[in-house]
Structures are given as structure tokens and as C-alpha cells.
Amino acid sequence: MSGRGLALINARLVDPATGYDGPGCLVARDGRIEAIEFQPSFSSRPEDVRVIDCEGAVLAPGLVDLRVKTGEPGAETRETLRSAADAAASGGVTTLVLQPDTHPAVDEPALIDFLLRRGRALDSVRILAAGALTQGLRGEALAEIGLMSEAGAVYFTDVDHLISDSRVLRRAMTYAGAFDALIAHRPDDAFLSQGAAATGGELASRMGLPAAPAIAERMGLERDLALAESTGARLLVDQVTTAAALEVLKRARGAGVDAAATVSINHLCFNEFDIADYRTFMRLDPPLRPEADRLALIEAVRDGVIDAIVSAHTPVPAEGKRLPFAEAEPGSVGLETLLAGVLTLHHEAGLSLVECLRPVTSGPAELIGLEAGRLGEGALADLVLFDPDAPIVVDSDRLISRSNNSCFDGRRLQGRVLLTVAEGRIVWRDAEA
Amino acid sequence: MTGPHDVSQEIHARLFPFPRAHLLTSSDLARPDVDALLDLADAFLDFGRQSAKSLDLLRGRTLINLFFENSTRTQGSFEIAGKRLGADVINMAVGASSVAKGETLIDTAATLASMRPDLLVVRHWGSGAADLLSRKVGCSVINAGDGQHEHPTQALLDLLTLRRAFGPDVGSLKIAICGDIQHSRVARSNVGLLQAMGCEVRLIAPPTLLPGEVDRWGAKVFTDMVQGIQDVDVVMMLRLQRERMNGGYVPSMREYFRFWGLDADKLAHAAPRAKVMHPGPMNRGVEIDSSVADDPAVSLIADQVEAGVALRMAVLASLSERMEASR
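Protein chains in written order, with our numbering: chain L, 1 to 433; chain G, 1001 to 1327.
Here is the structure:
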């Protein structure tokens, strides 16, 4: 028994998994791609479908975002799963991975199960969850990695809580091997970065801001990679932001260490000078870096050194941002601007659409073993249709997210999402399209 | 000697509208504005030495002193400056109360803005706090110290003190700023302003108390005080907070005094007739020896305090003049 299908014709198909960028059409039915043809319309008209003419817009796999915080459970005024899902859908993100640093922390299987159930009940984009690596994110005792894996946790992380005790991280990595679990850790040195609100250097010292030297990231990364190498763990380096750390990462990979890496869209689009007027929407953790680092990160995306670009969606209510810079809570929302942010790499740095979409589609999907992020017969019908050139101005007051702390506020970007399809269902359609 | 009447005429003659709505950093002011401000402050200084010290330039205006950090002298200085100009001065004790209740800085600002003050003098421990307030309240904001960022009226009063001690050609002076540069807003404000005046600025500190990439501030940087002080006309000492002396940044008080404390021996390496300044409050025997601090032949420390009131009167009066002009 199959339902009515959705036929998308006259599209420009971009499939980062295969590298195809050209004309195409496809039919989505029962949550999967039933048929795909690499020409504007079908050779024989499919039956029982609703037809949408894409008019040449780009049709790509829906985005997969590995790092999304909401306020659920515990701080629903920041963001609920509902508001996050709506924000994601409007931004073309069809899979998001929740972070476990909620209240309580997601460090046991019942909470994973709770989140996944709540996510499915929304009948919107796919909501997945990462589990805590240590109990209560305290960096001391191992969390139930095996049981949470069984419950559906896609990777394990203590999010922004650094595990400074190397013995604990080593044990976590060793133990995770039994379940082939992916371990994510922020590369940083907890002592050097304690209390820092900016990257050490001329700007921070002139602004009088507490700052951490950028080498803290390289130092943390070197330790994490050494532990991963010795334990054989699958490591996901949670946000590389400096050129020095990229070099360390490349060397380790060359030596055969199984390490993947993410970067946040914020660090690809902004540099440290964006904090020069103390605007707290630009207060991020890790802090924004010098321009040379940003450029190195873009090259790393182009070269495939970066596996995934994350939104690092972090809703912060007004009371967390209406403070002097160093006291403000770090983070920016990003689900709604991820695609347009990624497209700046296309428009400004000259990456092809395939190159800049890979780390938000097939790249992250492969990391967590998700059969999404690609186009092809039988693939999940997670799709985004967008006009890559349409200009937009980000207005933080008009975001769907419950919190409006977007560091893209006021920015002029290009890329408008016209239609988002999650498992064959339309979850977002631009009102003007 | 000019009579009281002449001085107030002089003040009126020198009044000018402040070039900006707020005073947030020492680099907010262009050279001619600095000169005009100091000329006005000069007149207020003479005025302050009279027995009758009140004017009505700020009559009907409300000045709120909003100090999130304790400060005896800066707050007192602004209060006296405001009162001598005839303003209604209110000191808001915000340190403990509202912050403890979880009120954000902007909530506090909105509350104050509703009281319709004309001038808001703010000191806060967060760098950028004055800037943040200035965007959210409808009145003029004067930065009386924001974290480790800026303390512009201190730099301006230091410059006024220098001008009175050395004459108008302050640009030819060599000035060493010595002490905890990293945590000092006074140093940041002074470096910018003195360099804009054309002074040669040197920074002297233990390496742990130098800010990152300080060599790019355009000043010569020394860790050896005797070398750094060589031939300077002015030594500006900075306060070192006690909690930074117990092994965190420097090993001990006595080691700090041995290498970076100013005494007569070290001062002998400076130019003949060199002067010593300190923004206060002093840690005697830590960063400065009493014999130097109290020697009227070299110390400008008392002059700085006197200049502080006059300079702040000049800032308040010219900000008020700006309000009159834009009415």
C-alpha cells in the first residue's frame, strides 16, 4: 500500500555524495526517493503524484546538523524541540543532533528514548540525540555508553565541558570501542581557556577582555589525538577553529588516526574583529579567531579536511546576552542561517555547490551512520529546494527559534530555502515561493 | 591674580559643546577637542582654588553615579564636580543589590533611563559595559572605568596634570607606564591618549603582567625597569592588586618591589627633574616607596587628584553644553 508521491521536476540536482550537479527530477514516496532521473522531467509520467515545478532551483539532500542545543528538557524558554524543529525545517535542515547538556544531562538511555520519542511525535524533521560521555557531564565517571547506543544515541560528548582528566577520556575512548561508538570532544586546554571570552592577541588586549591563547586548541587536540591513536577510538574533533590545529589534524590523519572534524559555520563566516564593538551576539565559545584562521578553515573545507560543518545552534535568552561582553553567555543560534552561511563559501570563496554542501549533508551523515545526505533511488527523501542566489537580510527578531541571538543578525546573505522535505513530507514551504 | 568674577567669565569663554554624546574611550576625542577640554579644565582648576566654588552651569540637570565597583576617589571626584556645577547628583549603590537579584546590566540601565537623568557616570567590572549602556539609555554616558578596557577621564586628568607641570609642549615628553599593564584600564587609556599627543610611551612590567601582543601598541616594552626608566620625564606607576602578588602573576610582594617598585634609586635613572604619577590608591612599599610618593619635588600625585575634579567638571560642562546646543 503506497501513498501519494511528490514529484519534483525542473530541478538543478546537487548530490554531494556522487558529485552530480545538473538537471534532474525525482519522485518521493513513502519517505524514500522512488525514482530519480538526470533530466528536467520524467521520461514517463509517474502516477499518483503531486507535481512541483522547481523552476531551476537547487534540489539537494536535506542538511544534517550534528550540533544543536535546545532548552528541552529543563530550559524550555530558550528553545523547545518544537521550535527547534520548525527553525530547522525553515532552514533546510532535515536531521539535527541534540546535545546532551540539558537539565538533567542526557546521560542515560531513558532520556535518549524520551528525546527521540518527543522528536518523532513532532512529525517534522528528524531529531536525533547525542549522549553524555560522562555522568552528569562532570568528566569523572563513564556514562552508560552501551545502553544509550542501543537506545539510539548517535555519538557521545560532554559538549562544552572539557574532560581535563586524561585518564577519564582515555577510559571513555577505550570503553567506547566495544560499541564502535563515536566520541566527540572539544579540543582545548581547560586551564588556558578558563574564563576566556576572546582569542589572545592584540585585539583582546586592547579591548581588555580575558583571553586564551589560540595554542590552547592545538594543545587539547594533540592530547585527544594521541589518546585516540593509542585506544583506536573513533574521535570526532568537536570544532576546529585554528590553522595550527588543522595542521595537527592533518598530520595525525596522515599517520592513520581515525579522527573526523567539524567546524562551526560561525568560524567560517566571522573573525575576531566582529567582536570589536563588544556585541554579545558575537560572544562564542570557542571565541572568534583571526582572519588567517578563518581562511585556513575555508581551505580545509575545500580540501575535505573538515568532515562536517555544524550550526552550533545555541539558543541564549536575552538575559544571557544583555550583559558586558565577557559575562554574556556564549553561543549563537544557527539552524535557520546554516545553509545561507554555507553558501557564502560558494559565493565568496568560490567553492562549488558540491564542495560546500558535502559537509552539511553526506559528510555528517556518514559520520553517524545515517542513510541520509544523498540523492538516489531508495535513499531517504530528505530534501531541500533552494535558490542559491536570492538575497536575504537576516533579522534576528524574525527568527523562528525561541531565542534570537544570531551572530548573522543584520547580515546580507544569499540563499533562500523554498521547500524542505523530511522523509517525503513537506515540512516547510516559503510563503512567497 | 584673577578675581572670582574673571574666572567664571573665563569658564564661559572656554565652554564648548562636547564633540560626542558620550565619553567612552580616550580615543573618542580628536586632538583639538582634547586641547579645548583641557583649556576649560584649566579654568575650572583655577576656579576650584577660590573659596566660593559653585556654579550653575548644570542647574536642573541630574547626574547619576552608577558604580558597580567600589571607588572612593573617582566617585567622589565626579560627585564634587557635579555639585560644583549645580547638578543634582545621585549616587546609586548597585554593587550588591540588583546584581544579586539577577538583574542584567541592561535592566538596570532601563530602570535608570526611566528616571530621565542627563548624565550617567558608570563604573563596571566588565570591559565594554559603558559602551553597552550608552546604546541603551537616552542620556550621556561617561565611562568611569569599564573592566580592563578604558578609564578615559583618568587619562585626561593625567594629561592635564602633565600640561600644568611641563607646559603646553607635552608631546615632547618621554613617559614610562609601569606596573600591571595587563589588568589596567588606566594604562590602556593613557597609552592611546599620550601617543595621540605625540609622547614617547614606554611600558614596563613583569612579563606575566604584559598584555598579549603588547608590542603592537606602538610603545616600547621593557621588563627591566632600570632600562625602561632611562631618561624618561615622567614615571606613571600603576596599582598592583594584592591578590595578584601571591604567586599568581608575581611570586611575592618583596620580589615585585625589588624589581618593579619605584624608589629613589630607580628614579635616579630617569631624566633630571623627572616627575612621578600614580592613579591611586597606592600600595606603599609594593609598587611605590613613600619617600618618592610624598616628595613634593617629584610627586604629582596630589596634583592628579585636584586635576581630576577640574577635568570632570570640564567633561560634565561640555556635555551639558552639547545638550543645550542640540535643544
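Heads up, the beta-carbon is just placed ideally off N, CA and C, and yes, glycines get one too. Computed from a prediction, not measured in an experiment: that's the story for all the values here.
Interfacial residues, the region 1121-1138 of chain G to chain L, with Cβ spacing under 7 Å: His1124, Gly1126, Ser1127, Gly1128, Ala1129, Asp1131, Leu1132
Sorted by chain position, which residues of the same chain lie with C-beta nearer than 8 Å to serine 1291 of chain G's C-beta, five sequence neighbours on each side aside? Contacts found: Asp1263, Ala1264.
Of all Cβ atoms in chain L, is any one closer than 8 Å to the Cβ of proline 1211 of chain G? Taking 8 Å as the CB threshold, proline 1211 of chain G lines the interface with chain L.
What does the Cβ neighbour count give for proline 1272 of chain G, buried or exposed, with the cut at 16 atoms within 10 Å? Exposed, since its Cβ has fewer than 16 Cβ neighbours within 10 Å.
Quick check: the Cα distance between methionine 1 of chain L and arginine 78 of chain L, rounded to an integer number of angstroms? In this predicted model, methionine 1 of chain L has a pLDDT of only 46, less than 50, meaning its place in the structure is not dependable; the value taken from the coordinates is given anyway. One C-alpha to the other measures close to 41 Å.
Methionine 173 of chain L to phenylalanine 179 of chain L span [Cα, whole Å]: If I take the Cα positions, the gap works out to 10 Å.
Using the three-state DSSP reduction, which class does tyrosine 20 of chain L fall into: helix, strand or coil? strand
Taking DSSP as the reference, what is the three-state secondary structure of proline 1296 of chain G? coil
Valine 1214 of chain G: contacting residues in chain L (beta-carbon distance under 9 Å): Glu202, Ser205
State the Cα-Cα distance for the pair alanine 7 of chain L and cysteine 54 of chain L, rounded to the nearest angstrom. 10 Å
Simplified DSSP state of glutamine 414 of chain L, which is helix, strand or coil: Glutamine 414 of chain L falls in the strand class under three-state DSSP.
So what's proline 1152 of chain G in DSSP terms, helix, strand or just coil? Proline 1152 of chain G: helix per DSSP, three-state reduction.
So that I know if they touch, is there some Cβ in chain G lying closer than 8 Å to that of valine 272 of chain L? This sequence places glutamate at residue 272 of chain L; valine is not what is there. No, no contact with chain G.
Between the Cα of glycine 1048 of chain G and those of G:Met1197, G:Leu1105, G:Ala1081, G:Glu1324, spot the shortest distance and give me the residue it belongs to. G:Ala1081
Considering just the uninterrupted stretch of the beta strand (DSSP E) at aspartate 65 of chain L, what are its terminal residues? 63-68
Around the C-beta of valine 436 of chain L, are 16 or more other C-beta atoms found within 10 angstroms, so that it is buried, or is it exposed? Chain L is shown only over 1 to 433; residue 436 of chain L falls outside these bounds and no answer can be derived.
Neighbour flag for glutamate 319 of chain L against chain C, beta carbons, 8 Å: Going by chain labels, chain C is absent from the structure shown, which instead holds the protein chains L and G.
Residues that glutamate 327 of chain L contacts on chain G, provided the C-beta gap is smaller than 7 Å: Under the 7 Å cutoff, chain G gives Gly1126.
What runs of the alpha helix (DSSP H), each 4 residues or longer, lie entirely inside the region 112-164 of chain L? 145-151
Which complete beta strand (DSSP E) runs does the region 272-350 of chain L hold, if anything under 3 residues is left out? 308-310
Select from G:Arg1061, G:Glu1306, G:Thr1108, G:Ala1325 the residue whose C-alpha is nearest the C-alpha of glutamine 1154 of chain G. G:Glu1306
How about leucine 59 of chain L and threonine 95 of chain L: are their beta carbons less than 8 Å apart? No, the Cβ-Cβ distance between leucine 59 of chain L and threonine 95 of chain L is not below 8 Å.
What does a CB cutoff of less than 7 Å around valine 125 of chain L pick up in its chain, not counting 5 residues either side in sequence? Ala85, Ala88, Ala89, Val93, Thr94, Thr95, Leu96, Ala422, Val427
Three-state secondary structure (DSSP) at arginine 1202 of chain G? strand
Counting Cβ pairs closer than 8 Å, one from the region 1150-1168 of chain G and one from the region 1032-1041 of chain G, do we hit at least three? yes
Counting beta carbon pairs with one atom in the region 366-376 of chain L and one in the region 11-29 of chain L, are three or more of them shorter than 8 Å? yes
C-alpha distance - valine 1214 of chain G paired with leucine 1156 of chain G, whole-angstrom precision: 22 Å
Is the shortest distance between the beta-carbon of arginine 322 of chain L and the beta-carbons of chain G less than 8 Å? yes
Straight-line gap, methionine 1001 of chain G to alanine 1013 of chain G (C-alpha atoms, nearest Å): A caution first: methionine 1001 of chain G carries a pLDDT of 45, below 50, which makes its placement in the model unreliable, though a value can still be read off. Methionine 1001 of chain G and alanine 1013 of chain G: Cα-Cα distance of roughly 18 Å.
Give the range of the alpha helix (DSSP H) segment to which serine 1127 of chain G is assigned. Premise fails: serine 1127 of chain G is in no alpha helix (DSSP H) and is neither H nor E.
Who does asparagine 1091 of chain G pair with in a DSSP beta bridge? G:Asn1065
For leucine 383 of chain L, the three-state DSSP class (helix, strand or coil): Taken through DSSP and simplified to helix, strand or coil, leucine 383 of chain L comes out as strand.
Indicate the three-state DSSP secondary structure (helix, strand or coil) for leucine 1120 of chain G in the structure shown. strand
Taking the alpha-carbon positions, what's the glutamate 217 of chain L to leucine 1119 of chain G distance? 44 Å
Thinking C-beta only, is leucine 209 of chain L closer than 8 Å to cysteine 407 of chain L? no
For proline 213 of chain L and alanine 1129 of chain G, I'd like the C-alpha separation in whole angstroms. 23 Å
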